[in-house]
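Below: the structure, in structure tokens.
In the working numbering, the protein residues as written are 1 to 87.
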């Protein structure tokens with residue numbers, strides 16, 4: 001469970017995470033182009049529903065994808081990305 005909380009030092013205090021400059025610049029350029037939240041439309045293609053569970057787990061309070069501006073939408077008119085889980 002400690003790996004989900006992030007890196008910690010020997011006293012259990014969280015260690016600040018650093019981001020590589022190239023990743024930071026890519027994120028900044030992506031945010032300039034999108035300028036809004038990334039809406040994802042999910043199309044169920046069948047299968048064992050393992051992918052569905054993973055998608056909805058990202059929306060749970062543990063991972064909270066919405067804090068990064070990623071939202072799953074129910075209407076086809078809104079999305080930027082289309083997710084096709086299943087076989």
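Note that beta-carbon positions come from the ideal geometry of N, C-alpha and C, so glycine has one too.
Cα-Cα separation, residue 82 to residue 61: Position 82 of the chain shown, counted from the first residue, corresponds to residue 82. Position 61 of the chain shown, counted from the first residue, corresponds to residue 61. Approximately 23 angstroms between the Cα atoms of the pair.
Would you mind giving the Cβ-Cβ distance between residue 8 and residue 19, rounded to the nearest angstrom? I have them listed as a contact below 8 angstroms. Counted from its first residue, the chain shown places residue 8 at position 8. Counted from its first residue, the chain shown places residue 19 at position 19. So it is not a contact: roughly 18 angstroms between Cβ atoms.
DSSP-derived helix/strand/coil call for residue 75: Within the chain shown, residue 75 is the residue found at index 75, counting from 1. Coil at residue 75, not helix or strand.
Could you have a look at residue 70 and say whether DSSP puts it in helix, strand or coil? Taking the first residue of the chain shown as 1, we reach residue 70 at position 70. Residue 70 falls in the strand class under three-state DSSP.
Whose C-beta lies closer than 6 angstroms to the C-beta of residue 1 among residues of the same chain, with five residues either side of it excluded? Taking the chain shown and counting its residues from 1, one reaches residue 1 at position 1. In this prediction, residue 1 scores a pLDDT of 48, lower than 50, which makes its location untrustworthy; the coordinate-derived value is nonetheless stated afterwards. Once the five neighbours on either side are set aside, residue 1 has no close Cβ partner at all.
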